[in-house]
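For the sequence shown, the residue numbers in this note's numbering are 2 to 368.
Glycine included, every Cβ here is placed at the ideal spot set by N, Cα and C.
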Amino acid sequence: MKADSFQTAECVLSVFLVHFEAELREIIVKKEMLAVCVDAPGGPDKLLLRTVPRPDPKDGEVLIRVHCTALNRADLLQRRGLYPAPPGVSDILGLEAAGTVVGLGPGVKGHWKPGDKVMALLSGGGYAQFVSVPEANVMSIPSQLSFQQAAAIPEAWLTAYQLLHFVGQVKPGDVVVVHAAGSGVGTAAIQLARLAGAIPIATAGTPGKLKKAEELGAAAGFNYKQVDFCEGILQFTEGRGADVVLDCVGGANWEKNLRSLATDGRWVLYGALGGCPVNGDLLGKLLAKRGQLLSSLLRSRSPQYKADLVKAFTERALSHFSPDLPPLLSPVIDCVFSVDCIAEAHCHMEANRNIGKIIIDFPQPQS
Numbered sequence: 002m003k004a005d006s007f008q009t010a011e012c013v014l015s016v017f018l019v020h021f022e023a024e025l026r027e028i029i030v031k032k033e034m035l036a037v038c039v040d041a042p043g044g045p046d047k048l049l050l051r052t053v054p055r056p057d058p059k060d061g062e063v064l065i066r067v068h069c070t071a072l073n074r075a076d077l078l079q080r081r082g083l084y085p086a087p088p089g090v091s092d093i094l095g096l097e098a099a100g101t102v103v104g105l106g107p108g109v110k111g112h113w114k115p116g117d118k119v120m121a122l123l124s125g126g127g128y129a130q131f132v133s134v135p136e137a138n139v140m141s142i143p144s145q146l147s148f149q150q151a152a153a154i155p156e157a158w159l160t161a162y163q164l165l166h167f168v169g170q171v172k173p174g175d176v177v178v179v180h181a182a183g184s185g186v187g188t189a190a191i192q193l194a195r196l197a198g199a200i201p202i203a204t205a206g207t208p209g210k211l212k213k214a215e216e217l218g219a220a221a222g223f224n225y226k227q228v229d230f231c232e233g234i235l236q237f238t239e240g241r242g243a244d245v246v247l248d249c250v251g252g253a254n255w256e257k258n259l260r261s262l263a264t265d266g267r268w269v270l271y272g273a274l275g276g277c278p279v280n281g282d283l284l285g286k287l288l289a290k291r292g293q294l295l296s297s298l299l300r301s302r303s304p305q306y307k308a309d310l311v312k313a314f315t316e317r318a319l320s321h322f323s324p325d326l327p328p329l330l331s332p333v334i335d336c337v338f339s340v341d342c343i344a345e346a347h348c349h350m351e352a353n354r355n356i357g358k359i360i361i362d363f364p365q366p367q368s
């Protein structure tokens, strides 16, 4: 009997230890996550998948399990060491994400609860299985959109909304030039300009990108590799010029942008893909037109600015992603990569092959 009792106790202890070890492994896993890390500045080969500590939600933050994120030009610059994360921000790449709420920090005042499907504007950290976000930067995903579609919205669409409304002060009837019309921001800006009652004109470097711009609502489009877009804009506007120019190119286009600009027009600079140096009489020509040269970046904005932007976008634009409220807004997705193909995704963007957003899928636990 004693031997049998000992064997029984040993069996029970063995089962307990197996169960405990399984629970411990689960706890450990829950406190870690898969993330894309950059070991050193450089090319796409510097992107590595690694297990890192999972963030805990701080005061007023929502913890999101990331289903999808999306690429932005800022990610490429940060990978090269040219656009570091702001102080206090995760150095993991990724400025937007879509997923499900899995935790709430103390002080969260909104209606968020675990299981909610959300998308979020980030200052960094999107290339990971979990990200913790101030609740003011979180938006509900419209019911008919997938996680992939939702991941294409926050950074690109909020940037476009900011450029048009917060910076460019677009009005109904304004002619708005959208450079890089095939980009995520470009495809969003065309649709948001139409929603505002403005008239978008697109520039891009391929017929396919111009065709997509036309489908999205561009009134005219010009291939900058084949024609002088300035002449096309002046002809379209009967010599008056554009009221707003959304410019992510910078120095390479400055003269054509000024010639395209109407008197009292707003030239909104939000990137410098064509370089920063300017040679010539920029200030004199800008002054002659009483033009406004405005510039904006979103990532470095204050928390309150971002909160105001998310609130305005949610109230005035988000409902138009539903077919029940025309005109319909639609995120444009070029392609989807698994996170283990992140280097290929970066190569795809660097080659300027994408029309719209490049989405990254993260593996999800089996239910």
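Q) Mapping DSSP to helix, strand and coil, what is His-68? A) strand
Q: Kindly provide the ranges of any alpha helix (DSSP H) runs that are 4 or more residues long and lie completely inside the stretch 65–134, ordered along the chain.
A: 74–80
Q) To the nearest angstrom, how far is it from the Cα of Phe-237 to the Cα of Leu-247? A) 17 angstroms
Q. When DSSP labels each residue in this structure, what does Gln-145 get in the three-state scheme?
A. coil
Q | As assigned by DSSP and simplified to three states, the class of Gly-285 | A | helix
Q.
Quick check: what's the CA-CA separation for Asp-335 versus Ser-147?
A. 15 angstroms
**Q.** Test item: CB-CB of Leu-77 and Gly-127 under 8 angstroms
**A.** Contact: no.
Q. How is the beta strand (DSSP E) around Pro-364 delimited, first residue to last?
A. Run containing Pro-364: none; DSSP gives neither H nor E here.
Q) How is the beta strand (DSSP E) around Glu-33 delimited, first residue to last? A) 33–39
Q) What do you reckon, are the CB atoms on Gly-185 and Ala-153 nearer than 8 angstroms? A) yes
**Q.** Continuous alpha helix (DSSP H) stretch holding Gly-233: start and end
**A.** 230–237
Q | the stretch 100–109 / the stretch 42–61 touching (three or more Cβ pairs under 8 angstroms) | A | Three or more pairs of CB atoms, one per stretch, sit closer than 8 angstroms, so the stretch 100–109 contacts the stretch 42–61.
Q | Alpha-carbon to alpha-carbon, Cys-342 and Thr-52 | A | 16 angstroms
Q) Residues bridged to Pro-201 by DSSP? A) Note: Pro-201 is bridge-paired with Val-177 in the DSSP secondary-structure output.
Q: Can you tell me which of the three DSSP states Ala-194 falls into?
A: Correct three-state label for Ala-194: helix.
Q) Using a Cβ-Cβ cut-off of 6 angstroms (strictly less than) and excluding sequence neighbours within five positions of Pro-42, which residues of its own chain qualify? A) Arg-81, Gly-82
Q: Out of Leu-50, Ser-303, Met-140, state which residue places its alpha-carbon closest to the alpha-carbon of Thr-315.
A: Met-140
**Q.** Nearest-angstrom Cβ-Cβ length linking Cys-277 and Gly-251, presumed shorter than 8 angstroms
**A.** Right, the Cβ-Cβ distance comes to about 6 angstroms (below 8 angstroms), so this counts as a contact.
Q) Do Pro-173 and Leu-122 have their C-beta atoms closer together than 8 angstroms? A) no
Q: State yes or no: is the C-beta of Pro-56 within less than 8 angstroms of the C-beta of Val-132?
A: yes
Q) Closest by CA to Leu-283, which one among Ala-253, Ser-303, Tyr-306? A) Comparing Cα positions, the closest option is Ala-253.
Q) Should Asn-280 be labelled buried (16 or more other beta-carbon atoms within 10 Å of its own) or exposed? A) Taking a 10 Å sphere around the C-beta of Asn-280, we find fewer than 16 other C-beta atoms and assign the residue as exposed.
Q. Excluding five sequence neighbours on each side, which residues of the same chain lie with their C-beta closer than 8 angstroms to the C-beta of Trp-113?
A. Val-63, Val-102, Leu-105, Val-119, Glu-136, Val-139
Q) Alpha carbon to alpha carbon, what distance is there between Gly-89 and Pro-304? A) In a straight line, the C-alpha of Pro-304 is about 13 angstroms away from that of Gly-89.
Q | contact_flag[the stretch 352–364, the stretch 320–335] where n(CB pairs < 8 angstroms) is 3 or more | A | yes
Q. Across which residues does DSSP place Pro-54 in a beta bridge pair?
A. Glu-33
Q: Below 8 angstroms CB to CB, which residues in the same chain sit around Ser-339 once its five sequence neighbours on both sides are set aside?
A: Ile-361, Asp-362, Pro-364
Q | Short Cβ contact (8 angstroms threshold) for Ala-203 with Ala-214 | A | yes
**Q.** Alpha carbon of Gln-145 to alpha carbon of Asp-117, nearest angstrom
**A.** 14 angstroms
Q: Pick helix, strand or coil for Ile-334, following the three-state DSSP scheme.
A: strand
Q) Where in the stretch 212–279 do unbroken runs of the beta strand (DSSP E), each at least 3 residues long, occur, reported from the N-terminal end onward? A) 221–224, 243–248, 262–270
Q. Is Leu-211 closer than 8 angstroms to Gly-218 when the C-beta atoms are compared?
A. no
Q. For Ala-205, does the count of other Cβ atoms within 10 angstroms reach 16, so buried, or fall short, so exposed?
A. buried
(Q) Between Val-168 and Ala-194, how many whole angstroms is the CB-CB distance? I'm expecting something under 8 angstroms. (A) Rounded, the Cβ-Cβ distance is 13 angstroms, inconsistent with contact.
Q.
Which residues does DSSP list as the beta-bridge partners of Met-140?
A. Met-120
Q) Relative to the C-alpha of Ala-352, which residue among Val-177, Ala-199, Phe-230, Arg-74 is closest? A) Arg-74
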